[in-house]
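Listed in order, the protein sequences are those of chains X, C, F and R.
Numbering that gives the first Met the number 0 numbers the first residue of the first sequence as 0 and each following residue consecutively.
Numbering that gives the first Met the number 0 numbers the first residue of the second sequence as 0 and each following residue consecutively.
Numbering that gives the first Met the number 0 numbers the first residue of the third sequence as 0 and each following residue consecutively.
Numbering that gives the first Met the number 0 numbers the first residue of the fourth sequence as 0 and each following residue consecutively.
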Amino acid sequence: MSVTYLEAIREAQAKLLRDDDRVFIYGQDIAGKFGGAFKATKGLAEQFPGRVLNTPISEDAMVGTAIGAAMEGMRPIVEMQFADFSSVALNQILNNAGTQYWRTQTPCPITVRLPSGGTKGSGPFHSQSMEGIYSHYPGLVVLTPATVEDAYTMLIDAVAIDDPVIYCEHKYLYYHLKADALPTEKLPIGKARVVRPGRDLSIVTNSAMVHEALAVAQQFRAEGIELEVVDLRSVKPLDTATVLASVARTGRLLCVGEAFPWGGVTAEVIARVATEGFHLLDAAPARINAKDTPIPYHPNLWSEHRPNAKTIAAKVRQVLAE
Amino acid sequence: MSVTYLEAIREAQAKLLRDDDRVFIYGQDIAGKFGGAFKATKGLAEQFPGRVLNTPISEDAMVGTAIGAAMEGMRPIVEMQFADFSSVALNQILNNAGTQYWRTQTPCPITVRLPSGGTKGSGPFHSQSMEGIYSHYPGLVVLTPATVEDAYTMLIDAVAIDDPVIYCEHKYLYYHLKADALPTEKLPIGKARVVRPGRDLSIVTNSAMVHEALAVAQQFRAEGIELEVVDLRSVKPLDTATVLASVARTGRLLCVGEAFPWGGVTAEVIARVATEGFHLLDAAPARINAKDTPIPYHPNLWSEHRPNAKTIAAKVRQVLAE
Amino acid sequence: MLQTAERGASTSKNAPHEKYLKAFRIMFQTRIFEEKLASLYRGGLITGGVYLGKGQEAVSVACGLFLQKGDVFAPLIRDQAGRSAFGEPLVDVARTYLGSRSGPMRGRDGNIHRGCPKAGQLAMISHLGAMVSVVVGKLLAKRMKGEKGFIGLTTIGEGGMQTGATHEGMNIAAVERVPLVIVATNNHYAYSTPNDRQFACADLVDRAKGYGYEGSSVDGTDLAQCLEVISAAVKHARAGRPPQLVVASTLRLAGHGEHDDASYVTEDIKRESFAQDALQRTEQFILEHELVDREGLQQMRAELAAEVDEAVATAQQEEAPVGSEEDWCAVSTRELADEPTLAE
Amino acid sequence: MLQTAERGASTSKNAPHEKYLKAFRIMFQTRIFEEKLASLYRGGLITGGVYLGKGQEAVSVACGLFLQKGDVFAPLIRDQAGRSAFGEPLVDVARTYLGSRSGPMRGRDGNIHRGCPKAGQLAMISHLGAMVSVVVGKLLAKRMKGEKGFIGLTTIGEGGMQTGATHEGMNIAAVERVPLVIVATNNHYAYSTPNDRQFACADLVDRAKGYGYEGSSVDGTDLAQCLEVISAAVKHARAGRPPQLVVASTLRLAGHGEHDDASYVTEDIKRESFAQDALQRTEQFILEHELVDREGLQQMRAELAAEVDEAVATAQQEEAPVGSEEDWCAVSTRELADEPTLAE
Ligand SMILES: Cc1ncc(C[n+]2csc(CCOP(=O)(O)OP(=O)(O)O)c2C)c(N)n1
Ligand SMILES: Cc1ncc(C[n+]2csc(CCOP(=O)(O)OP(=O)(O)O)c2C)c(N)n1
Ligand SMILES: [Mg+2]
Ligand SMILES: [Mg+2]
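Dropping the structure here:
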């Protein structure tokens, strides 16, 4: 039996509902037989009556309701239908959930699931990666699982955390990623993972781009070049220590991100390495992001808009040549 | 006669209304004798009947209405009462205004004025600096004038630009900054300015922090240390060339920002210098931002939360010591 | 699914609206076109979603039919009929679905996210409700520029009415007293969600009063009623009366999109009067009243299908956009693009 | 500003509500306290804004007075009376305005942005409407946990009703059928903005039906009516009837905040019946009906003022927060704080 990334998310939620009375799931089209636009809650409403609830098309109120429930001791999981629609819930997330503990010392343990990232033909409003925006503000934990195992354990951990968690699950990975079974081990939240050890250059990345990076690393292996790939897993907190240790080993850094180019995860990682690990660098660090336009609908455009194995490889050569 | 930063904003709007029939101003409490929470439109409603309009408390609709008017050929200026409230208009700004031209080739020349930044006693929801969030998404121009002269000319230029502009005016500067007269010259939008030439270290900053940086530079002068201060003026587009030229002169970089520490302008500037000007750096670059908590109400806390002359000076010494 | 004459009784009594046949023609072509789109989708020839208006062609066509040059139309996902009635070329629909670089969206956006603002038809963003205030802005600007006689019409679903954006947009329209018509189609599902998880009022038309709108209800399966009620709303808006809310009742007769088998739609609801197929009802009325005979309809179908086929064929022959030739610049002021070199 | 007995006639006829005197006492103290706050502000002893409830003490006190342990109260900016009625200690108000580190907000937040969620009183964020859905969530959770008999009450202004957040929150409350009471005070100004630029319906209570709420209107200057109508709404919610919308009519009798001279308030509106001072009306009623005599009122004032003075004095003696001792960590899970070293 194999488990997809999407199934891992569903299984994690099933386990959470089973093990903890305080958990409920709140979102659009997640209940009934339907089980969500991506089927991440398929079967759960029937299995856990009254705990998987459909909401009106009201993202602000969905999150506000979750905040209230969390302050009352529950552990709500909010499913956004697409990350992109969380833009209309952003005020509740940043200003209400994010400030609650600091202002009132009342924990606000909500988990907001954001189906994120690009897939073919999804266009400007069903493809966004918003982790950079949520990480900028205080009070939130922002996660971007890149593997089936992490999708599972990090969601379970997210719900256990006493703080608001933005859980960015990548839609492209839903069906593309498979593992043999659900994991029995885990890395704690807040720790990055060296997914492929290397010698010549560190690619630091997250979410779906981890897999592009691995493909590139595989390519370079044939040439005797060993790229190290670091999967950030959590972008806030960001595990600077693991990143610095990697750069210490390789001396070279390329950050790869699927989000827009101004700011975001790649800027933050480079800023940290430059400020805290400047002398570890043997060459200028580099980064590669999506282009600075809305995410295009057409596959021909989309595949050029996001970083891909070709553009990443070219950037790797550039950094290695320095 | 002297002109404050706030008066410059009012005068710019008066001139815009006078010179261009397409301009109107839309916002809460901006009309009548009242003239806005900060009086940035004082007198304008009476002088330009029908062109300075009060709106309901509906930030999303305020921006949506401006978008429609702009697409129809007008040049609306939207005043947010505080930058912080633009969080509930963010969807219209990012996803509607920001994508309009790329998607439909219809220009969307709105200017959204965001009274930004901290002042004493304003607390978590009346103090925010949101330029980092708006710059992350494509399609917008994001400006942060730091002087009376720039407040005036950049607002006039903003309205002339065929694209959506986020104009972040700093509330602390409203009354604190004075010039002798309105400017007769200007630097174009998109260009940074070296406000103080130096030799030993470049402080790259924007908005109110420019003045903290200048104060620090003044302090160091006594010790024979010459700090160069670069005012970014526009954070998107970001004038990398001017920043790099400054770092080329000084070999050392400190970025100072009033926003939250994860991401934002300081991360972007350091990432650009590290990637494009690595070999110009004689020491690790550094940055200093606000703390990673909501912006506190109490002046004792607030003055420690934001960067200040003391913390900036300490950081300068650290970078110089390397 | 074709219903008995009794259920269509209210229609049969009245003389048909002068635009009845024209409306039917558009509805008919819309159905043919949408079936074509569905089959292209099933054949893997369309990337991304396909969203059909099946079941609400009568409401939608009426939304487009009474608009004039200078009016603003902001359709949503189930408005193929309205878009055609407003004058959107069929080929542009095909181009957008098929990703032709010659289409109005040039492959940058797809499917229902299309429009031509210069021609008065806005290109929706996905976030439901966001277009309402944009229409208000267009109307406000027209008034400021001294234009006269224009109106704006936008559509929304019973689900979309629950967004904050719709509320703010509807309210600001009334405050600005712009000539807006908002046609809300309660098709009893928002994706898979039935009405009891969407709102709790007896009838959405009750919202009209709370905004200072004039409200009216319409049987969305009855073309004659749709034409009458929506043309009246348009006329009222044009005459300077307050904004108009029209609430139509229908059942969505397709999946949310073509990827969705809509198995959550209950058998009970399919037996409701609002579950009738507006197109079939219209066709039946036409035959009963001998406005067109069976043969005429056959011929009409052939003509309409030929137009659809031509539009699709044209779009299919056109070139797709090419990444390396694309202009990756999101601002119109090119010199203000941020460091194009950063994005590889 | 004191009005004639005729204008208060409706009140004088009825026997006073059992909580009438208790309510008056709180209103009275609120006025004394707010005058004190205003004078501290004028003396430069308060940093940041001061927002008074002058003119709407009757509505506000009624909002707090019928709530019980286990209920949820989410007050807004003009609810000093309601907060006191709900049990907020005066000293916590003084502490928050004066920035004492011992207050519930410990100097981190100020003035009206205070609360004690553990005691059922939420701490508002500024964004108007944002608290509505938070109350819904509290109520939903209580139901899930098996609690019984609780309700939630939140307040809003006529301006705040125009935000998308209020709309979504009100609607979702009805969908979840939680026992919510929302008391909207139409005090005819939102900061400087009069109603004609805020909404265009005849009466905001007309919104009730469109959400499936029960609606009622109340003269906010008449304490007896406020007690009656709001206690009824609370009772209805507690009994499981749909959410309740109460719309009160008043005039804001202070500036938006104490920095604002409110010179935009027209002379005409000050002559309206809703412009009466609820506290003065109540006092007059009490004297007329000899519930308390003048001397008793004098004595009451002295007692209430002494309590206020004590609260202020206590807060003033307490220490201010100190930046270097502050715990700069926004998450409760300390090990998940992001690199505290980054922030100097
Ligand atoms: C703000 C927002 N949230 C979620 C979605 C995803 N979504 C697209 S269509 C849809 C259902 C819409 O239902 P309704 O408004 O009733 O229109 P219908 O599809 O029935 O015509 C949803 C939830 C969206 N487009 N916008
Ligand atoms: C979303 C949002 N926009 C703007 C503001 C700024 N603001 C604070 S109070 C206020 C006026 C509120 O008016 P109303 O709701 O009528 O309440 P009142 O002050 O009259 O009690 C405004 C505009 C805000 N707090 N939230
Ligand atoms: Mg629907
Ligand atoms: Mg008000």
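We put the CB at the ideal spot given by N, CA and C, even for glycine.
Please confirm whether any heavy atom of ligand 3 lies closer than 7 Å to the CB of residue i.
| i | result |
| --- | --- |
| E17(F) | no |
| Y188(F) | yes |
Spatial neighbours of residue i within its chain, please: C-beta separation below 6 Å, excluding the five flanking residues on both sides.
| i | result |
| --- | --- |
| V330(F) | A336 |
| L278(F) | M26, R30, E56 |
| A247(F) | V58, T184, V217, G219 |
| G54(R) | T249, L250, R251, L252 |
| T10(F) | For T10(F), the predicted structure reports a pLDDT of 46, less than 50, and the residue's modelled location is therefore unreliable. The matter cannot be settled from this model. |
| K170(C) | P114, G116, T118 |
| A261(R) | G254 |
List, in order along the chain, the chain C residues whose C-beta lies closer than 7 Å to that of residue i?
| i | result |
| --- | --- |
| S83(R) | Neighbours of S83(R) on chain C: none; closest Cβ ~22 Å, over 7 Å. |
| G261(X) | Note that residue 261(X) is Trp in the sequence shown, not Gly. Ordered by position in chain C, the residues that pass the 7 Å Cβ test against W261(X) are S134, H135, K235, E267. |
With respect to the beta strand (DSSP E) encompassing residue i, which residues constitute its N-terminal and C-terminal limits?
| i | result |
| --- | --- |
| L200(C) | 200 to 204 |
| P74(R) | Careful: P74(R) lies outside any beta strand (DSSP E) and carries neither H nor E. |
| Q243(R) | 243 to 248 |
| S245(X) | Note, S245(X): premise wrong, no beta strand (DSSP E); alpha helix (DSSP H) at 239 to 249. |
Within 7 Å: the Cβ of residue i and any heavy atom of ligand 4?
| i | result |
| --- | --- |
| R240(R) | no |
| R9(X) | no |
| E157(R) | yes |
| R100(R) | no |
| R251(R) | yes |
Can residue i be considered in contact with ligand 2, in the sense that its beta carbon sits closer than 7 Å to one or more heavy atoms?
| i | result |
| --- | --- |
| F84(C) | yes |
| T105(X) | no |
Can you list, in chain order, the residues of its chain whose CB lies under 8 Å from that of residue i, leaving out five sequence neighbours each side?
| i | result |
| --- | --- |
| P137(C) | G97, T98, W101 |
| V311(F) | K35, L39, A93, L97 |
| V344(R) | Residue 344(R) falls outside the range modelled here, since chain R spans only 0 to 343, and no answer is possible. |
| V215(C) | I202, L226, A308, I311, A312, V315 |
Can you pull the chain F neighbours of residue i, defined as C-beta to C-beta under 9 Å?
| i | result |
| --- | --- |
| Y296(X) | T46, G47, T95, G98, M104, G106, R107, D108, G109, N110, H112 |
Let me check you understand the geometry: is the CB of residue i closer than 7 Å to at least one non-hydrogen atom of ligand 1?
| i | result |
| --- | --- |
| V87(X) | yes |
| E58(X) | yes |
| S331(F) | no |
| T184(F) | yes |
| Q322(X) | Nothing about residue 322(X) can be read from this structure; chain X reaches only from 0 to 321. |
Tell me which residue opens and which closes the alpha helix (DSSP H) that residue i is part of.
| i | result |
| --- | --- |
| C254(X) | First-last for C254(X): 252 to 255, but that is the beta strand (DSSP E), not the alpha helix (DSSP H). |
| I285(R) | 277 to 287 |
| S38(R) | 19 to 41 |
Would you mind telling me which residues of chain F sit closer than 7 Å to residue i, beta carbon to beta carbon, in chain order?
| i | result |
| --- | --- |
| K235(C) | D337 |
| C196(R) | In the sequence as displayed, the identity of residue 196(R) is Arg instead of Cys. Under the 7 Å cutoff, chain F gives V174. |
Leaving out five residues on either side along the sequence, give the residues of the same chain with a beta carbon under 7 Å from the beta carbon of residue i.
| i | result |
| --- | --- |
| F85(F) | G63, L66, F72, Q120 |
| D196(X) | What sits at residue 196(X) in the sequence shown is Pro, not Asp. Excluding sequence neighbours, P196(X) sits near E227. |
Can you name the residues of chain R whose CB is closer than 9 Å to the CB of residue i?
| i | result |
| --- | --- |
| P48(X) | Neighbours of P48(X) on chain R: none; closest Cβ ~12 Å, over 9 Å. |
Run down chain C in chain order and give the residues with a C-beta less than 9 Å from the C-beta of residue i.
| i | result |
| --- | --- |
| S125(R) | F81, D83, F84, G122, P123, F124, H125 |
Counting only Cβ pairs nearer than 7 Å, list the residues of chain R close to residue i.
| i | result |
| --- | --- |
| D161(X) | S331, T332 |
Which bits of chain X does residue i rub up against, with CB to CB less than 9 Å?
| i | result |
| --- | --- |
| I76(R) | Going along chain X, no residue has its Cβ under 9 Å from I76(R), so there is no contact; the nearest lies around 16 Å. |
Chain X partners of residue i, CB-CB under 8 Å?
| i | result |
| --- | --- |
| V158(C) | Neighbours of V158(C) on chain X: none; closest Cβ ~23 Å, over 8 Å. |
Chain C contacts made by the stretch 137 to 155 of chain F, where a contact means CB separation under 8 Å: Going along the stretch 137 to 155 of chain F in chain order, one finds K137, L138, L139, A140, K141, M143, K144 with a Cβ nearer than 8 Å to chain C.
Interface positions of the stretch 61 to 85 of chain C facing chain F (Cβ-Cβ less than 8 Å), listed along the chain: Those residues of the stretch 61 to 85 of chain C that come within reach of chain F (Cβ to Cβ, closer than 8 Å) are M61, V62, G63, T64, A65, I66, G67, A68, A69, M70, E71, G72, M73, P75.
Members of the stretch 283 to 315 of chain F near chain X, C-beta cut-off 8 Å: Hits within the stretch: zero.
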